[in-house]
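Numbering (the working numbering), first residue to last: 27 to 336.
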């Protein structure tokens, strides 16, 4: 019921927000089109609103404090994403704020993984991993449908693992995010009519990470997030900490995408999508489908791990 509600709200609100934001000049440039067309941005607000309304109803009916905490975490992270759209926070500021928000998880978590007690180390690491999860789902982006489609696949993986573990709260959180992203993907897939903005991408990690923590399937959750972590590591080790605006965009010619000619080119960086483009030029849709396939493979591995563990 909550997942269906989330889908409907997102599907109805997305075109409304898109029209309003375009009228107000809240738009972004589609860098991977030869005409660099303008597309309404920050429309991921529909995902944000749908998640909040659906999980609020879930809390009213189930009275589970973990649902309320997930709602609060996503609320704060979503607000941070909106602020970033108009104030442009530095990477350090984002890290600091997201880590502080992550501390809200500490009282509702158990400091053990796989039966091993970690004590204070777990509580120290938890906010940092929350921050990382939010940043990961925000960083694996830049192509039509990439961040939303990958997030939907990850949400599906978390939902299946939650179902196998009989983790009701985790299943509610992840399934609500899944259906909202699927509804948004209808408008965001190639050629994108809307962009999610940080309010839509940061909140994916903000929802899935507590779902993993509450369900106590951290190992499977880590497997699901591996493509995100790999993408972030490639970017960091190839170009260090940098803003999205300072990155050299992928080049386009005759509908095919090419990476910048030299890794030493100013602003050039590696990423998971660019690993595929290193092999040969591809269309935007081809690149996105390959990243989706990688994420789906890791979700399948996570589900397999849970089935083996019984």
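Just so it is clear, CB atoms sit at the ideal spot from N, CA and C, and this is done for glycine as well. Only a predicted model underlies this, so the values are computations on that prediction, with no experimental measurement involved.
For this session: With DSSP as the reference, label residue 54 as helix, strand or coil.
Result: For this step, residue 54 is matched to residue 28 along the chain shown. The answer is strand: DSSP assigns residue 54 an E or B state.
Problem set entry | Per-residue burial, residue 86 [other beta carbons within 10 Å of its own, 16 or more giving buried] | Start at 1 with the first residue of the chain shown, and residue 86 comes out as number 60. Answer is exposed; the Cβ neighbour count stays below 16.
Exercise. Touch check for the stretch 73-89 and the stretch 295-311: three-plus C-beta pairs under 8 angstroms?
Worked result: Using a Cβ-Cβ distance cut-off of 8 angstroms, the stretch 73-89 and the stretch 295-311 are not in contact, since fewer than three pairs of beta carbons, one from each stretch, lie closer than that value.
Problem set entry | Cβ distance (whole Å) where residue 165 is taken to contact residue 44 below 8 angstroms | To locate residue 165, count along the chain shown from 1; it is residue 139. To locate residue 44, count along the chain shown from 1; it is residue 18. Rounded to the nearest angstrom, the Cβ distance from residue 165 to residue 44 is 24 angstroms, too far for a contact under 8 angstroms.
Exercise. Once you ignore the five residues that flank residue 80 on each side, which residues in its own chain have a CB closer than 8 angstroms to its CB?
Worked result: As a working mapping, residue 80 is identified with position 54 in the chain shown. Beyond the five residues adjoining it in sequence on each side, residue 80 comes within less than 8 angstroms, by CB distance, of 28, 29, 31, 32, 35, 202 and 206 in the same chain, given in chain order.
Exercise. Leaving out the 5 sequence neighbours to the left and right, which residues in its chain are closer than 7 angstroms to residue 256 when beta-carbon positions are compared?
Worked result: Residue numbering aside, residue 256 sits at position 230 when the chain shown is read from its first letter. Here the set comprises 298.
For this session: To the nearest angstrom, report how far apart residue 73 and residue 139 are at their CA atoms.
Result: Sequence index remark: in the chain shown, residue 73 carries index 47 (1-based). Sequence index remark: in the chain shown, residue 139 carries index 113 (1-based). Taking the straight line from one Cα to the other gives about 31 angstroms.
For this session: With DSSP as the reference, label residue 193 as helix, strand or coil.
Result: Indexing the chain shown from 1 puts residue 193 at position 167. Residue 193 falls in the coil class under three-state DSSP.
Problem set entry | Simplified DSSP assignment, three categories, for residue 236 | Position 210 of the chain shown, counting from 1, holds the residue named residue 236. In the structure shown, residue 236 sits in a helix (DSSP, three-state: H, G or I).
Exercise. Mapping DSSP to helix, strand and coil, what is residue 36?
Worked result: On the chain shown, residue 36 is found 10 positions in, with the first residue counted as 1. The answer is helix: DSSP assigns residue 36 an H, G or I state.
Exercise. Can you name, in chain order, every residue of its own chain whose Cβ lies under 6 angstroms from the Cβ of residue 153, other than the five neighbours on each side?
Worked result: As a first step, residue 153 is located in the chain shown; it is residue number 127 there, counting from the start. For residue 153, where only same-chain residues beyond five positions count, the Cβ hits under 6 angstroms are 125, 128 and 129.
Exercise. Short check: CB of residue 191 to CB of residue 243, under 8 angstroms?
Worked result: Within the chain shown, the letter at position 165 stands for residue 191. Within the chain shown, the letter at position 217 stands for residue 243. Against a cut-off of 8 angstroms, the Cβ pair of residue 243 and residue 191 comes out as a contact.
Problem set entry | Assigned secondary structure, residue 278 (DSSP; H/G/I helix, E/B strand, else coil) | Residue mapping note: residue 278 aligns to position 252 of the chain shown, counting from 1. DSSP, read as helix, strand or coil, puts residue 278 in strand.
Exercise. Which one of 296, 122, 194 and 253 has the shortest CA to CA distance from residue 261?
Worked result: Working through the chain shown from its first residue, we reach residue 261 at position 235. Answer by Cα proximity: 296.
Exercise. Of all the options 112, 62, 200 and 179, which has the alpha carbon lying nearest to the alpha carbon of residue 279?
Worked result: One-based indexing of the chain shown puts residue 279 at position 253. Checked all of 112, 62, 200 and 179; the closest Cα to residue 279 is 62.
Problem set entry | residue 119 versus residue 100: straight-line alpha-carbon distance, rounded | Taking the first residue of the chain shown as position 1, residue 119 is located at position 93. Taking the first residue of the chain shown as position 1, residue 100 is located at position 74. As the crow flies, the alpha-carbon of residue 119 is around 18 angstroms from that of residue 100.
Problem set entry | Length of the line joining the Cα atoms of residue 212 and residue 222 | Position 186 of the chain shown, counting from 1, holds the residue named residue 212. Position 196 of the chain shown, counting from 1, holds the residue named residue 222. The straight-line gap from Cα to Cα measures roughly 12 angstroms.
For this session: Use the C-beta contact count for residue 230: other C-beta atoms within 10 angstroms, 16 or more gives buried, fewer gives exposed.
Result: By 1-based counting over the chain shown, the position of residue 230 is 204. When all chains shown are included, residue 230 counts as buried.
Exercise. Using CA coordinates, which residue listed in 226, 193, 108 and 312 is at the minimum distance from residue 162?
Worked result: As a first step, residue 162 must be located in the chain shown, where it is residue number 136. Checking every option, the nearest Cα to that of residue 162 belongs to 226.
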